[in-house]
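Report on one structure; see the data block that follows.
Numbering (the working numbering), first residue to last: 59 to 430.
Right, here's the structure in full:
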């Protein structure tokens, strides 16, 4: 069993969990802590997102503990590696923490297959806030999904791209798990409604290292645009090959999961004609985001990892949980929380998230339209 004293000192005897808290506060002296398990990928294809997620979580922790914590209790975070390849280890660690009373809630940013595994184990025992975009239709008890769904992202983005760029022939490429397949099923309806057609569709397992053959197959189908639903480093490898083969001169790429980390790792030479739809981009010129960026850089200074939608989602997932349990919301009112993008939550299927379409500009995204 994982000892609580080990968590307080940031080790657990060889696992992937470690704790952070704000100690020394007179206000919290002698009070029990609220411990939140933060599940994020720290390895594998999605591990590229880990540093940004941790840094955004630390900002949320700093802000929450400066304002009396949650329920006047100091908050402590326990990080677990939620990459798909090591999910069973995370599940075992989380079970031990729950059984020992060592964690009060879960906030997670990871792929949907991990969410499904966690829901089966959690069984609604503690609140679980799932923060990234996902395929929708989550009904597990005590699971709160605050991210965008294909209905919010794909429908307006596909209409806009078809109208503004004249794209009609679509290739659909994704990793072989629930989110890409569900997203692409919905995308097919949106493409047909915009007088387009799907000319190529395929799904690849995690671990894509040599995407040359895949890119060649796409080129042979002669699409106008590729809807890309590859995860993290796999999107990086794909985009590098796509650009090196010169396909970015004639074929548009579009994704709902590519963010600033992937752009940076891909390299500016290989991000031409690449678009993304999301509720958050680091370059948003809104009052909420400008304030968020300033606070983030003030806390982390020159060591700050790049900001992006997935890291920001962990930041707001922690603030969402704080707002969820504060007890000050009128009955039936939506949950609102501190966020860099804004939004409100009534249920997993009723949310108000802004949606933007952006074009890659080197290592950054430039917003070209607000879609919702």
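Cβ coordinates follow ideal geometry from the N, Cα and C atoms, glycine included.
For residue i, is the classification buried or exposed, using 16 other Cβ atoms within 10 angstroms of its Cβ as the cut-off for buried?
i, result
"residue 347", "buried"
"residue 386", "exposed"
"residue 406", "buried"
"residue 370", "buried"
"residue 389", "exposed"
"residue 234", "exposed"
"residue 164", "buried"
"residue 404", "exposed"
"residue 123", "buried"
"residue 297", "buried"
"residue 414", "buried"
"residue 416", "buried"
"residue 304", "exposed"
"residue 242", "buried"
"residue 160", "buried"
"residue 153", "exposed"
Quick one: what's residue i bridged to in DSSP?
i, result
"residue 228", "256, 283"
"residue 207", "None; residue 207 has no bridge partner."
"residue 417", "333, 424"
"residue 233", "262"
"residue 430", "According to DSSP, which records beta bridges pairwise, residue 430 is partnered with nothing at all."
"residue 410", "402"
"residue 201", "186"
"residue 138", "97"
"residue 131", "128"
Along the chain, where does the alpha helix (DSSP H) containing residue i start, and where does it finish?
i, result
"residue 311", "No alpha helix (DSSP H) contains residue 311, which is instead part of the beta strand (DSSP E) from 310-313."
"residue 319", "318-324"
Report the option in the options whose CA atom is closest to the CA atom of residue i.
i, options, result
"residue 209", "228, 175, 314", "314"
"residue 195", "183, 172, 240, 219", "240"
"residue 13", "428, 188, 266, 107", "Look at the range of the chain in this structure, 59 to 430, and you will see that residue 13 is not part of it."
"residue 156", "323, 174, 181", "181"
"residue 383", "184, 177, 114", "184"
"residue 131", "365, 211, 92, 172", "92"
"residue 114", "336, 398, 247", "398"
"residue 338", "428, 229, 420, 380", "428"
"residue 329", "275, 344, 299", "299"
"residue 119", "221, 236, 372, 363", "372"
Could you tell me the boundaries of the beta strand (DSSP E) in which residue i lies?
i, result
"residue 98", "92-98"
"residue 164", "163-166"
Compare the C-beta of residue i with all C-beta atoms of chain C and state if any pair is closer than 8 angstroms.
i, result
"residue 251", "No chain C is part of this structure, which consists of one protein chain only."
Inset, instruction - Take every Cβ of the stretch 304-312, pair it with every Cβ of the stretch 351-368, and state whether three or more of those distances are shorter than 8 angstroms. - result: no
Inset, instruction - Pair every Cβ in the stretch 163-175 with every Cβ in the stretch 142-150, then say whether three or more of these pairs are closer than 8 angstroms. - result: yes
Legend entry - At least 3 beta-carbon pairs within less than 8 angstroms: the stretch 213-225 vs the stretch 271-283: yes
Inset, instruction - Examine the Cβ distances between the stretch 315-331 and the stretch 255-265 and report whether three or more of them are shorter than 8 angstroms. - result: no
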